[in-house]
Amino acid sequence: MTPEIKNALLGSSPSKQEEKTAPPSQPRQKKVNKAAAAPKPKASAKKEKPVQKKEGKAKEQAKQQPRQSAKQGKEKSAGTGRQRNPRGKQDKRSRIPAKDQKPVRIYYLGGLNEIGKNMTLFECGDDMFIVDCGLAFPDDDMLGVDLVIPDFTFVERNKDKIRGVVLTHGHEDHIGSLPYLLKQINVPVYGTRLTLGLVEGKLREHGILNKAKLNVIHPGDVVQMGCMSVEAIHVNHSIPDAVAFAIRTPSGTIVMTGDFKIDCTPIQGEMIDLARFAELGKEGVLALMADSTNAERPGYTKSERSVGESFDALFKKAEHRRIIIATFASNVHRVQQIIDAAVHYGRKVAVSGRSMVNVVNIGMELGYLSVPDGVLVDIDVLNRYPKDQVVIITTGSQGEPMSALTRMAMSDHRKVVVGPDDYIIISANPIPGNEKTVGHVVNELMKHGCEVVYEKMYEVHVSGHACQEELKIMLGIVKPKFFIPVHGEQKHLHKHMVLAKGMGIPADHILISEIGKVVELTPNSMKVVGTVPAGRVLVDGLGVGDVGSIVLRDRKHLAEDGLIVVVASIDAESGFVVSGPDIVSRGFVYVRESEMLMDDAKRLVRRVLEDCADKNVREWGTIKNRVREDLSRLLYERTKRSPMILPIIMEV
Ligand SMILES: [Zn+2]
Ligand SMILES: [Zn+2]
1 MTPEIKNALL GSSPSKQEEK TAPPSQPRQK KVNKAAAAPK PKASAKKEKP
51 VQKKEGKAKE QAKQQPRQSA KQGKEKSAGT GRQRNPRGKQ DKRSRIPAKD
101 QKPVRIYYLG GLNEIGKNMT LFECGDDMFI VDCGLAFPDD DMLGVDLVIP
151 DFTFVERNKD KIRGVVLTHG HEDHIGSLPY LLKQINVPVY GTRLTLGLVE
201 GKLREHGILN KAKLNVIHPG DVVQMGCMSV EAIHVNHSIP DAVAFAIRTP
251 SGTIVMTGDF KIDCTPIQGE MIDLARFAEL GKEGVLALMA DSTNAERPGY
301 TKSERSVGES FDALFKKAEH RRIIIATFAS NVHRVQQIID AAVHYGRKVA
351 VSGRSMVNVV NIGMELGYLS VPDGVLVDID VLNRYPKDQV VIITTGSQGE
401 PMSALTRMAM SDHRKVVVGP DDYIIISANP IPGNEKTVGH VVNELMKHGC
451 EVVYEKMYEV HVSGHACQEE LKIMLGIVKP KFFIPVHGEQ KHLHKHMVLA
501 KGMGIPADHI LISEIGKVVE LTPNSMKVVG TVPAGRVLVD GLGVGDVGSI
551 VLRDRKHLAE DGLIVVVASI DAESGFVVSG PDIVSRGFVY VRESEMLMDD
601 AKRLVRRVLE DCADKNVREW GTIKNRVRED LSRLLYERTK RSPMILPIIM
651 EV
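By the count of the UniProt record's numbering, the sequence shown reaches residue 652 at its end, each step adding exactly one.
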């Protein structure tokens, strides 16, 4: 772990006094996630930097220093989470009459009715905090746009109230916009080790890492956010170190699952902490917000481990050939299983693709990936080994144009040339919308003579999200009074609502919200009370938000019909044409084959300019508009196309 990740945990244990007065209903020790607790030599240094002393805001449960002191840790941390609350709000809560309790408001700034850019803001009195800050990738019609981030207008307006950002896990749709947010408001960030490891890389790229206030949390830790607090709960997902949150508010407890599945045989670490969810359910949960991604799929999501069994069979089938496997870089467990299979079959492993190299390095550094010595080899020296002794793990499972696998398919990879001696496995399903690009890559690989295993041919991929039966288990044990399905498109949210109704939650206790809506919760009610600015901000290169609908419309126009530039010089006195007009065409018609059309266009423009001069029309805007209109009409009549027309008229 690098020094930038500071630990926010209290280094000291609670006083004996506090321990004695601990109310019996306080939460007991949560299990320690093995992954999160992997002992690191540098861990002891963390205690020297208790961030919340500096911040004065964040108070967390003291629970630290893994395995060897686990038992001791349990005693220490039992019940400390909320006693440490300096204002004692939790204890007072029961004494405050319901009518005086501050309601809690939830602002959805992203992640509803869409897959991507998850961002939710909680408010109670003068305190606010944010859960996740993700990005979305642009649609096909957003030409030239690199990323889509949430609209931060509402956040900036309330920056003095915001106590921090908590992160559920390290996927782009949950952390990708964080650098853009922190550039606006530099609030403390809380996340698990792997999540912050991935965040660090992003902040470094943006040059804001040394200013950021990053705080590592573990499952079981409680972060105080003014009059609210957030407890992290271990869940399973397609990236290690994912957590759900139990959010304590004066109105009641809100459980937010984040992305999750129930994996009883995870590759590393423990199964989701269902016991904690059930305990919260027994205490009483005001509202549940749960992942709806797979709400349409019946049954259970298979364990990640089942993929390992498929790998084993496929490695056998590969025989003398080289194996190339494409998967999501963030799926550290999948990468681990590939490495395990490689070790078992005596193959060396090389890694290709920037994000894959990045994640493998972070995973090894933080102890989430275990790779025996000598297994990993540099891709540069791969050719020294016989084909049947190597495996390449690569990016490009979605057919992304610049990815390593796509480059291999297009014979554009500098180090890997594919052919009949290659056995290629695409260990991912195409994300809806990517089917075509993936298909294209598969076709190209096959043209080179490679054998390609993809999609449903073998079980080479399992989802990271809960299917219907798992969603029902979550609803059944959390037993929320109110239910808000989140993380999904309308059809997913709707299906999740149907599941909840089937579990006996009354229809008027379920709410499908929308981006920008404000949901208010009191101990007895849930309603929409307004809207705030929310939506998408487009990022193109270094420009954030400077690409709006007009720019997009122009790009679309250019892409569809091309561009015509008309250049002419006119006399400053008389307005008559001195030189030109010349016509330059890009992406419209091939000029050499359309000389007649171009000549007619020139004649038309000259006529328009002279007509303007005759009538003493000297206003620039008017002249340009007339050129544009008349030329546009001519071109449309002759070609049925409407290129963008750019008149450049100079006075000499
Ligand atoms: Zn995720
Ligand atoms: Zn997600």
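Don't be surprised by glycine CBs; every beta carbon is placed ideally from N, CA and C.
- If you draw a straight line from the Cα of Arg193 to the Cα of Ile510, it is about 34 Å long.
- A residue is called buried once 16 or more other Cβ atoms fall within 10 Å of its Cβ, and Asp380, having fewer, is exposed.
- Bridge partners of Glu469 according to DSSP: none are assigned.
- Secondary structure of Ser229 (DSSP, three-state): strand.
- In the DSSP assignment, Met356 falls within the alpha helix (DSSP H) that extends over 354-365.
- Per the DSSP secondary-structure output, His234 pairs in a beta bridge with Val243.
- If you ignore the 5 residues before and after Glu520, its C-beta comes within less than 7 Å of the C-beta of Pro103, Arg105, Lys527, Val529, all in its own chain and listed in chain order.
- Taking C-beta separations shorter than 8 Å and ignoring five residues to either side along the sequence, the partners of Leu634 in its chain run Asp600, Ala601, Leu604, following chain order.
- Short of 8 Å from the beta carbon of Pro179, and not among the five residues preceding or following it, lie these beta carbons of its own chain, in chain order: Lys202, Leu203, Glu205, His206, Ile208.
- Under the three-state reduction of DSSP, Gln268 is assigned to coil, being neither helix nor strand.
- Around the Cβ of Gly449, a 10 Å sphere holds fewer than 16 other Cβ atoms; the residue is exposed.
- Taken atom to atom, the span from the alpha-carbon of Glu629 to that of Ala572 is near 23 Å.
- Residue Gly419 holds the alpha-carbon nearest to the alpha-carbon of Glu444 among His461, Asn625, Gly419, Asp259.
- As a beta-bridge residue in DSSP terms, Tyr107 pairs with Leu121, Val518.
- The beta-carbon separation of Ala275 and Gly258, rounded to 18 Å, does not stay under the 8 Å limit for a contact.
- Taking one beta carbon from each stretch, the region 159-171 and the region 220-240 have 3 or more pairs nearer than 8 Å; the two touch.
- Sequence-distant partners of Ile325 (beyond 5 residues in either direction) whose C-beta falls short of 6 Å from its own C-beta, in its chain, are Ile338, Ile393, Ile425, Ser427.
- Secondary structure of Ala212 (DSSP, three-state): coil.
- Shown here for Ala278: same chain residues with a beta carbon closer than 6 Å to its own, the five before and five after excluded, namely Ile477 in chain order.
- Scanning its chain for C-beta atoms nearer than 7 Å, with the 5 sequence neighbours on each side dropped, one finds around Ile431 the residues Gln398, in chain order.
- For the 9 Å CB-CB criterion, Leu182 and Ala212 form a contact.
- With respect to Lys348, Leu376 sits close: the two C-beta atoms are nearer than 9 Å.
- Distance from the CA of Asp378 to the CA of Val351, rounded to the nearest whole angstrom, comes to 8 Å.
- In this structure, the beta-carbon distance from Val498 to Val518 does not fall below 9 Å.
- Distance from the Cα of Glu283 is smallest, within the candidate group Val652, Val255, Val416, for Val255.
- The Cβ-Cβ distance between Ile130 and Val166 falls below 9 Å.
- For a cut-off of 8 Å, the C-beta gap from Arg618 to Gly575 is around 6 Å, short enough to register as a contact.
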